[in-house]
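Residue numbers (my numbering): 11 to 373.
For each residue, glycine too, the CB sits at the ideal point set by N, CA and C.
The structure displayed is predicted, hence computed values, not measured ones.
First comes the structure, then the notes that go with it.
Below, the structure is given as structure tokens:
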């Protein structure tokens, strides 16, 4: 007689402890890999930001090749209706060299940039003006959302209906203010002060405390004017995140808190001169204007020049980026350099000024 035996089948599986160990290992691997992935993404964004600056440099040099001068940062225009006197900026001048001929042809230079008739154009987002590391246009504080709503200029509300102005994370450098020297205890130079040209009807001024970079805010500059050398002089730099206010790494959300200007690539106030601020970014230096010779006492009276931070402390027309450790800048020769947050004030002054005769150190 054949005997049969019942065999029990045993299924192998994970115990609870083994499962927890596997989960822990996976968590550790993710923790190790995530920073590397984030760093790789930021490296790609930083490279694109660098390429944007190079494209802008090529556009400005193509303009210079055509007209034998760099464009003025702000160009004076006279319109048929109020405001009679207003300004357009150099970004509009170089649109044809950024493959934006249709945009250039449609733009009315005889109408102020912020007029509602220009909204379709000025609200256009151009990737060459936006650093990928900076917040998206949609996530930035809108001047129309603060209390009370801010207008730029007065009488021209922010175009919320069309999504706001096309952003600009870069600024053309019009120079360095006397506060770089005054706030750091250095003697303000008495040469290379920038002449000021004013719109008709405004009070005349002969000099101010700005020491010019490659371009000038209200007058033409040529390559020959940059006697310190194009490779030693900054031309365009990051001032990212506008019109939202960022102090250190925090966005300031409060009533009536947006940048004074730099609201878009068409805003004449997108350019700026470096003033510096306190380390927390709350107080921006306010060196006074005056005729040459300018002294520390006249340019920086008590309370005017109190901050010694010049990189990544505040983005209101100051050097500011969302990269770790510094900002990217376009030099006058078309190269892109990375300027550290820890750069010395006098080294920064040397690479911002184009004809002050100062010596450039390592940076």
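Three-state class that DSSP yields for residue i in the structure shown
i	result
residue 148	helix
residue 257	strand
residue 96	strand
residue 244	strand
residue 67	helix
residue 323	coil
residue 26	helix
residue 337	strand
residue 55	helix
residue 42	helix
residue 227	coil
residue 287	strand
residue 314	coil
residue 294	strand
residue 250	coil
Burial state of residue i (16 or more Cβ within 10 Å)
i	result
residue 294	buried
residue 264	exposed
residue 392	Outside the modelled stretch of the chain, which goes from 11 to 373, sits residue 392, for which no answer is possible.
residue 334	exposed
residue 353	buried
residue 119	exposed
residue 109	exposed
residue 325	buried
Beta-carbon contacts of residue i that lie in its chain and below 6 Å, excluding the five residues immediately before and after
i	result
residue 162	273
residue 254	150, 151, 261
residue 81	73, 100, 103
residue 368	360
residue 343	240, 241
residue 310	192, 297
residue 358	320
residue 355	190, 194
residue 282	181, 327
Own chain, CB closer than 8 Å to residue i, minus 5 neighbours either side, in chain order
i	result
residue 290	257, 258, 323
residue 135	147, 176, 177
residue 52	143, 333, 334
Range of the contiguous beta strand (DSSP E) that encloses residue i
i	result
residue 85	84-88
residue 264	Element bounds for residue 264: n/a, residue is neither H nor E.
residue 282	282-284
Contacting residues, own chain, Cβ-Cβ under 7 Å from residue i (five flanking each side not counted)
i	result
residue 154	167, 168, 170
residue 30	none
residue 315	189, 192, 193, 295, 297
The alpha helix (DSSP H) enclosing residue i, as first and last residue numbers
i	result
residue 116	111-116
residue 349	Run containing residue 349: none in the alpha helix (DSSP H); it sits in the beta strand (DSSP E), 346-350.
residue 361	355-362
residue 309	306-309
residue 131	129-132
Short CB-CB distance (under 7 Å) between residue i and chain D
i	result
residue 369	Going by chain labels, chain D is absent from the structure shown, which holds only one protein chain.
Next on the checklist: At 4 residues or longer, what runs of the alpha helix (DSSP H) sit wholly inside the region 144-199?
Outcome noted: Here the runs fully enclosed are 189-192.
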